[in-house]
């Protein structure tokens, strides 16, 4: 529902006697370690984000700080777009954006068929990633 709910738990602390390290048992309702919200709260924030609600408005509505909402969105975007599917890419376009002080060209690659965006810091990274694709001057 829309009522705030707070959970306070005492998580079990464990010790590995082989390597002498301490840790905590994983909790199945927490999206990842070291966060202070549940998977349900994360989904609620992402559903508000999908409705184009601003980060400030979501933070005020949920009673959390701006950084918490931003971290949830950032983690979702990294998970969603970190490994774009390039299976059906046939053409790519290269736009040299700038040359930095140390003369490293940065390239932007855009696949019009998949709407995925990639960025490479040098030509060798680009060539290694897209070996086997034909170069065309326009898409």
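Residue numbers (this note's numbering): 12 to 150. Even for Gly, the Cβ is constructed at its ideal location relative to N, Cα and C.
Nearest neighbour of residue i, chosen from the options [CA to CA]
i, options, result
"residue 41", "30, 64, 33 and 22", "22"
"residue 66", "104, 80 and 58", "80"
"residue 84", "101, 31, 96 and 61", "61"
"residue 53", "36, 37, 75 and 35", "75"
"residue 39", "51, 29, 28 and 30", "51"
"residue 19", "28, 43 and 49", "49"
"residue 87", "98, 97, 104 and 55", "55"
"residue 16", "73, 104 and 30", "73"
Whole-Å CB distance - residue i paired with residue j, under 8 Å assumed
i, j, result
"residue 47", "residue 33", "About 19 Å separates the two Cβ atoms, so there is no contact after all."
Helix, strand or coil at residue i [DSSP, three-state]
i, result
"residue 20", "coil"
"residue 92", "helix"
"residue 33", "strand"
"residue 74", "coil"
Contact check, residue i vs residue j, beta carbons under 9 Å
i, j, result
"residue 68", "residue 59", "yes"
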